[in-house]
Each structure stands twice: as C-alpha cells, then as structure tokens.
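**Q** Sequences listed follow chains A and B, in order. This note's numbering applies: residue 1 is where the first sequence begins, and numbers increase by one. This note's numbering applies: residue 1001 is where the second sequence begins, and numbers increase by one.
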Amino acid sequence: MRKTSLKARVGLTLAVLGLVLFPLGTFRPNRVVRGIPLNAATLLEGKSLLAAVVVLVIAAGLFVFRDRIRNSMVLYVVPWLLVFVPGLLMLLLSQASPAGESFDMEVARISLSSGFWLLFAGILILQSGAPRGGILMTLTVLFAIAVPGVGLTPHLALYKEFINIEVTFYAELRRHLTLSLTSAAVALLPGILLGYVCHRHQRLREWILGAVNLFQVAPTLSLLGLIMIPLTYLSRNVPLVADLGIRGVGFAPAFIVLTLYCLLPITANAFSGFDQVEAAVVDSAVAIGMTKRQIFRQVLLPLALPVIFSGIRTAVTQNVGNTILAGLIGGGGMGALIFLGLSQSATDLVILGTIPVVLMALIFDVVFKLFEDRMTQRVGVAHDSLDTGI
Amino acid sequence: MKKHLILLVFLLILTLVFGTGCSQPAESPAEAPAEQPSEVEKEPVVVATMLDSEGSIFGKMIIQVLNANGIETVDKVNFGTPDILRKALENGEVDLVLDYTGSGQYYHPEDATDTSIWNDPQKGYELTAKLDKEKMNLLWLTPASANNTEMIAIKREFAEANNIVTMTDLAAYINDGNPFKLICSAGFAENSMGLLGYEEAYGFKLKDDQLIILSSGNTAEMLKALSEGTNDVNASLVYGTDGALDKMNLVVVEDPAQVPPVYLPAPVLRGEVAESYPEIEGLLKPIFESLNLEALQKLNAQVAYDGKDAAAVADAYLKENGFLK
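(1) Could you list which residues in chain B have their beta carbon closer than 8 Å to that of N30 (chain A), in chain order?
(2) If you follow the beta strand (DSSP E) that I1183 (chain B) is in, where does it begin and where does it stop?
(3) Could you tell me the distance, in whole angstroms, from the CA atom of Y1277 (chain B) to the CA atom of L221 (chain A)?
(4) For K160 (chain A), would you say it is in contact with chain B, using Cβ-to-Cβ distances shorter than 8 Å as the test?
(5) Among residues of its own chain, excluding the 5 on either side of A1034 (chain B), which ones have a beta-carbon nearer than 7 Å to its beta-carbon?
(6) Would a check of beta-carbon distances place A1034 (chain B) closer than 8 Å to chain A?
(7) Cβ of A1189 (chain B) less than 8 Å from any chain A Cβ?
(8) Determine the extent of the alpha helix (DSSP H) in which F215 (chain A) is found, giving its start and end residues.
(9) Label M105 (chain A) either buried or exposed according to how many other C-beta atoms from any shown protein chain fall within 10 Å of its C-beta, with 16 as the threshold for buried.
(10) Should S1028 (chain B) be labelled buried (16 or more other beta-carbon atoms within 10 Å of its own) or exposed?
(11) My guess is that V1238 (chain B) and T1219 (chain B) are in contact by the Cβ rule of under 8 Å, so how many angstroms apart are they, rounded?
(12) Return the Cβ separation of P86 (chain A) and I123 (chain A) in integer angstroms, given the expectation that the two are a contact with Cβ distance under 8 Å.
(13) Using a Cβ-Cβ cut-off of 8 Å, state whether E1221 (chain B) counts as contacting chain A.
(14) When you check each C-beta in the region 1078–1104 of chain B against every C-beta of chain A, which residues fall closer than 7 Å?
(15) Find the nearest neighbour of K1319 (chain B) within the set B:Q1297, B:S1290, B:S1192, B:V1259, judged by alpha-carbon distance.
(16) In chain B, what lies closer than 9 Å to S235 (chain A) by C-beta?
(17) Is there a Cβ from chain B that is less than 8 Å from the Cβ of Q344 (chain A)?
(18) Apart from the five residues just before and just after F120 (chain A), which ones in its own chain have a Cβ nearer than 6 Å to its Cβ?
(19) Return the residue from the list A:S345, A:R313, A:M334, A:L19 that minimises the CA-CA distance to A1307 (chain B).
(20) State yes or no: is the beta carbon of T232 (chain A) nearer than 8 Å to at least one beta carbon in chain B?
(21) According to DSSP, simplified to helix, strand and coil, what is L1324 (chain B)?
(22) So, using beta-carbon positions, are F274 (chain A) and M375 (chain A) closer together than 8 Å?
(23) Using a Cβ cut-off of 8 Å (strictly closer), state whether A361 (chain A) contacts chain B.
(24) How is Y1277 (chain B) classed by DSSP in three states: helix, strand or coil?
(25) State the start and end residues of the unbroken alpha helix (DSSP H) segment that holds E161 (chain A).
(26) Taking the C-alpha atoms as reference points, what is the distance between R31 (chain A) and R236 (chain A)?
(27) Looking at the secondary structure, which residues open and close the alpha helix (DSSP H) in which K369 (chain A) lies?
(28) Do you know offhand how far P230 (chain A)'s Cα is from P1121 (chain B)'s?
(29) With a cut-off of 8 Å, does the C-beta of G25 (chain A) fall near any C-beta of chain B?
(30) For Y1100 (chain B), which residues from the same chain have a beta carbon less than 8 Å from its beta carbon, with the 5 sequence-adjacent residues on both sides left out?
(31) Helix or strand or just coil, what does DSSP make of E1150 (chain B)?
(32) Hey, how far is the Cα of D137 (chain A) from the Cα of A146 (chain A)?
(33) Just verifying my parser: in three-state terms, what is the DSSP assignment at Q21 (chain A)?
(34) Near E172 (chain A), which residues of its chain fall below 7 Å by C-beta distance, leaving aside the five closest residues on each side in sequence?
(35) Taking the alpha helix (DSSP H) that F1058 (chain B) belongs to, which residues open and close that run?
(36) Let me check understanding here. Comparing Cα to Cα, which of B:L1182, B:F1188, B:L1223 lies closest to D1208 (chain B)?
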C-alpha cells in the first residue's frame, strides 16, 4: 500500500507542477520561431473545459490523500476520469490563440510544451499506482492518440507535421519495424549457440563474451561507419554481393550493425541461462542415458528458456531505439524523420518521430514480459535475479 | 516443454514474416534492383536527396516531372547526410541526386588545388562535371543559378543601426572593438575558404570568445540562436538559399571578394541511367534554369518555416510556371 501511495503522490506532484508552473503549450506563428507560451491561466479565461481539467486534478489530489480524509469508494472513479485529461487538453490547446493579433492559421500552430508532458507523465504515474493501472495507462495513451487521430485538433503542431508526411510516416514505420525485428531475429540462433559454447567451454567463454561486449561498447554510429567500408568494397568487387542488393549504404549496413548489437544480451543471457541449470539435473539426465543432444533439447534449453527470453526482450527493446540511427545512412525508419526534423530545427517533427519509437519499445517490452512470466511459471523456477543482459 | 518451444519458434517466424511481409512494397524496388532479367528493360530511376528542406523540394520536383513524362521513379528523398548520399550514388544504389557544384573540391581533392576555380560559378561547375564524368561516369546536369554558399547573416535592425552592408563594414565594426559574437560550424571556422578566408580578405580577426562553434553544419539551430539573441550571438553562418532570411528578418552581409566557393544546386545522374533515359537532361534543364536565389529562398521558407508539405510546394511551383499541367 505504501508503494502505491508513493506513486500516486509523485504523479500528483508532477501533474500539479505541470499545470501551474509550466506552459502547457506554445503558440508558434510559424514552424521554427520561438512561440508565445500558453499557460493554464491564459487558457482558463472563459474555458469550461480547462476548468474541468483543473477540477479533475484537484479530485486527483483527494484521491491521493484519500486515507487522510474519508476513504470513500467514489474517489476510485478519479483515475478513470483522468484517462480523458491529456486528450481533452489537446483539444483545448488546438483552439487556443493569443488575443489581440490575427495569424495565418494555415502556418501557425500550437506545440505541446513542458507543462503538458509533465501533466501527462504525472497522470500516468498516478494511474500506475491505482487498481488496474495497466489498463488505465493504456486507455489514457490511446485516448490521447485518438483525439488528434480522428482530426479533432487541426492546429496542433504534431498533427500538422503528421499530415505533411502521412504517406512517408507509415512507410518509415514499417521499415523501422522490419529492420529492428528481423535483425534481432537473425541474432537469435547465433546468440543462443554462442551462449551454449560459453557454457560448455570455459576457455572460449572469455573470448566470446569479450567480443560481443566489444560490439556493444563501440558507439553505434562509428560501428555503422566502420561496417560501410568493407561492404562498399564487397559490393564493388563481388558481383554476387551487389546482386543481392547489399551496398555500402542503406539497409545492409544498418541490418548488420543492429544484429551485432543484439548478440550481447542474447548470448550473455543464454550463457547464464544454461549455467544456472543445476548440475544434478544434468547428471541425472546423463544417468538415465540421454545423449548430449537430448540433454540440450529436453533439459538445458527448456530450463534456460525464461532467462534466454529475457535476453531476447532486452535485445528487441534496445534494437527498436538503435534503429533510429539507420536514418542517417539511408536505411530509413523513424530516424529519417527525426534527423530531418533536427536539420530543420523543427522540434515537433522530432517528437513525432520519437513517439512511435517509444511506444513500440514499450509494447514489445510488455508483450515479451508477459511471455517470459508465463514461461517462468511453467518451468517453476524463479529467475528474477538473473537478468544479466544489461 | 516441446510444445512451448514450437510455440516460441512459431511466434518468431510469425514476427519475421509479418515484419518482412509488411515491408515488401516499400522495400522491394530498392533492395533487389538488378534481379529480374531484361524482361523490363528500363528500371525505375531512384531519386535521392539530402536530409534538408531544399533536398525535399528538389527531390519531389524531379520525381513529379519524371513521372509526368512517363519515367518511373523510386522515391528516396531525404536519403541521408551528404557523404552518405554521395557514397550511395557512387555505389549505384541511387541513380539521380541533388548535389552542389562546389562539392567537387572534396570529391576530387587531388585535382582541386587551384582554389580560385571554386569562386567562379561556371568554372567550378565545369571542372566538377568534367572530373565526375571521367572518373565516376556521373553526369552533372544544368544547375540552378542560386548560390547556396556559406555566408554571414545578421539581424536587419543590427545592420541598419551599425550601417553594415558589406564584409568591409563588418570588419571595421569588429576592429573598432564593438561587441560581436558569431555562431558557425567547425567546418566553416577552420576552412581557408570559410571564416579564415574572410578574416584574411577583410583584415579582421575574431577572438576565441567571439565564436561559438557547433560541430554540425545545421544552420537552423544557429539562426534560431541569432534571432533569439541566445548567448549574445549577433551573427551566424547561413546558406544562401535559406528561407530563414526573409522570415526571421535577417540580412546577408555582402561579400565583394567572393571568399567561399560557389555551390550551385544541380541534378547529378549516373551515366548508365542517362543512357537508358536520355530525355531526363532536357526535362530538368528548364526547371533548374528557372530557379534563382530568391525563388529558392521562398520555396525553402514554405517548407522549413511554414511547415508545408514539400511535395505540395514542388507541385505548386511546377504548375505555376507551366512545367506541369
């Protein structure tokens, strides 16, 4: 109970800070100039919607400190009502415009600012402490995406950026997913085998773990630069390589580097997964006459699977983020949007490119975690302290 | 236990198939360009540009014009950084790119020892075109007459208050010990055809504390700093065709000595592709000739500052000027 109320308090603090101290949005006469901050006070004039938001946050306060006042059941409705707050706030901000001047609304736009994001984060943290927190948080995020998604917020900067690049957006999103998932999948088999070799041969262990560690500590960008040199050479001099579509830039180098990056979490986890299987179990398998292959397939692998799986989870989640760098070398993905935004100093385009990456990483993490928990349950051993990956 | 394994493998295969399956339409023309035998003789032209607003506009224009004239294209607009784009062109991963004539000095440094050539728009273009044709079989088509070179921008009010029009005026202002702070890229600050060249030509010298040097050549950040006066910045590196000049009320300090190299934007086409599509040169020529500095600044401003879609901006320009119906 104490942990829950701590989350709720942290969340409430963030939400109130965001609402009171920081501007919720910024009105920009065009895409790049510094805009006019819109804070809650300026928005409040005659806006019943914002008043409702404020009331809800106050209600959230009552919810958080419910044990000090009467712990009424009614208060448990509050986290559910908070689901709508970020979405409604976007709706409201989209209609805002500074008084006194007229702007070309084709060009002018409203960006979401620190206050909004703080409030958003605060609400999510508060909800995570409430009963059915996962569902609440999911609903909040979905509602916040749905409001601009159905076109209710025409002047929101994120929405304008999205409309501009809608076609490219989905194409890049697909590339991003393909690149990060396939490169992780390709690392799977070698990763597990390397982990097994580490488990079997003490001598090789240091070398293998050292090598995969090396890939991990090399900065991704410089690894990309390094891999381009041999690939360019190969594609120019070996016709087969060029015919396969492998060139010094684009998809191939990004794919290779991402695969190398996935090796460490998978190998390290596979190794510790195999290693933590008790010797007695293996011995008894030997005693009943199982062959090496049978032991691997029927004893070692199933018992190590939960740990291996947590390595895969780490690999996929980190891969989704790393794939951004492919945008720099013609590999596409959300990185292409992010770097375009950076080059134009268009913060909203950068945010638009980042949000899907964060969401994808979170979704993969949650989904894989579910599988992992299920597997751990079936195996019947607790592996919680063996997250050796990262 | 076996069941779970099968399930796991099945799931992974599913993700794989889903992942690759989804991407087929976007990926296939780019990844396996040379695989079908000569059933279809003419492959689509892969058009790629740099990661900036000018690259988007030119890229979309080229694609629209080629498509309107029955040439199939693959859209790789905003492909990557300049060096990546050049590599991709040399490797044949892309067929048609937008590049800048002055870049020839970096592509063929051994033949670019006479730096004065790069200050002349025509000679610079001819030398780059000649070297690339001979060594790389790359064709430089007609460039636009808009010099997208490195210049120094100041605020209009600042220029008027201190009577600064040319670099000579600016040098005098600096030498009088007035407050001055320039924000620029490392490449510009350390280049003998950049800041060092300016200092020599106009006789001034900036102290270390009068410079803010960023590692990248991203002028958007610099101009933001200039327009907002961050850290007392009152001058910034700018590229000639940048749309910010008009929008942010900035002016370029004139450079009568023509210190930096001339960078004219031009389409660069692979020789082999030019053979199968000889008409491309003629299609693009009138469009590039029509684009001068002012026109390009306006188009860039629409994309970078008004946040309009590059394809729409390109389409509107082509239609207004009668290149597209």
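Ideal placement from N, C-alpha and C gives every residue a C-beta, glycine not left out. The model shown is predicted, which means the values in this text are computed figures rather than measured ones.
**A** By the coordinates alone:
(1) Residues of chain B passing the Cβ test: K1247, Y1305, D1306, G1307.
(2) It spans 1182–1185 - the beta strand (DSSP E) in which I1183 (chain B) sits, taken as one unbroken run.
(3) Annotation: Y1277 (chain B) to L221 (chain A) spans about 37 Å, alpha carbon to alpha carbon.
(4) yes
(5) Its pLDDT being 44, under 50, A1034 (chain B) is placed unreliably in this model, and the value from its coordinates should be taken loosely. Excluding residues within five positions, none has a Cβ falling inside 7 Å.
(6) Here the model assigns A1034 (chain B) a pLDDT of 44, short of 50, so the residue's position is not dependable and the matter cannot be decided.
(7) With 8 Å as the cut-off, A1189 (chain B) does not count as an interface residue toward chain A.
(8) DSSP places F215 (chain A) in the uninterrupted alpha helix (DSSP H) bounded by 202–217.
(9) exposed
(10) Confidence in S1028 (chain B) is poor, its pLDDT being 38 and thus under 50, which makes the residue's placement too unreliable to answer from.
(11) 6 Å
(12) 7 Å
(13) Closer than 8 Å: yes.
(14) N1078, F1079, G1080, T1081, I1084, K1087, A1088, N1091, E1093
(15) B:S1290
(16) The answer, in chain order, is N1091, G1092, E1093.
(17) yes
(18) By the criterion of a C-beta distance shorter than 6 Å, F120 (chain A) is surrounded in its chain by P86, once the five residues flanking it on both sides are discounted.
(19) The sequence shown places Gly at residue 1307 (chain B), rather than the Ala named in the question. Nearest option by C-alpha distance: A:S345.
(20) The beta-carbon of T232 (chain A) is placed less than 8 Å from the nearest beta-carbon of chain B.
(21) coil
(22) No; because the gap between Cβ atoms is not below 8 Å, this pair is not in contact.
(23) The Cβ of A361 (chain A) sits no closer than 8 Å to any Cβ of chain B.
(24) coil
(25) Counting along the chain, E161 (chain A) sits inside the alpha helix (DSSP H) bounded by residues 157–164.
(26) 43 Å
(27) 347–379
(28) 36 Å
(29) no
(30) So the list reads N1148, Y1263, L1264, P1265, A1266, once near-sequence residues are dropped.
(31) When DSSP states are grouped into helix, strand and coil, E1150 (chain B) belongs to the strand group.
(32) Position check: residue 137 (chain A) holds Met in this sequence, whereas Asp was assumed. The alpha-carbon atoms of M137 (chain A) and A146 (chain A) are separated by roughly 14 Å.
(33) The sequence given here places Leu at residue 21 (chain A); Gln does not occur at that position. Secondary structure of L21 (chain A) (DSSP, three-state): coil.
(34) G332, G333, M334, A336, L337
(35) 1053–1068
(36) B:L1182
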